[in-house]
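**Q** A single structure is presented below for examination.
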Amino acid sequence: MKNLRLILLVKLWLLLKRLNSIVDKKSLYVRVAHVGDILL
692 MKNLRLILLV KLWLLLKRLN SIVDKKSLYV RVAHVGDILL
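In our numbering, the protein residues as written are 692 to 731.
Right under this line is the structure:
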């Protein structure tokens, strides 16, 4: 029973990590576009 909870926690953590990396990439694109606007 304890193992099942651990597996669920790990899956949730991996999902959050993946979501976080997607958000990071989006914000990075936004930042690059913003810097591009300033330079151009």
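The beta-carbon is built from N, C-alpha and C at its ideal position, and this holds for glycine as well.
What residue does the alpha helix (DSSP H) around Leu699 start on, and which one ends it?
**A** 693–730
**Q** In angstroms, rounded to a whole number, what distance separates the CA positions of Leu703 and Lys693?
**A** Leu703 and Lys693: Cα-Cα distance of roughly 16 Å.
**Q** Keeping to the same chain, check which residues put their C-beta closer than 6 Å to that of Asp728; ignore five residues upstream and five downstream.
**A** Around Asp728: no qualifying Cβ.
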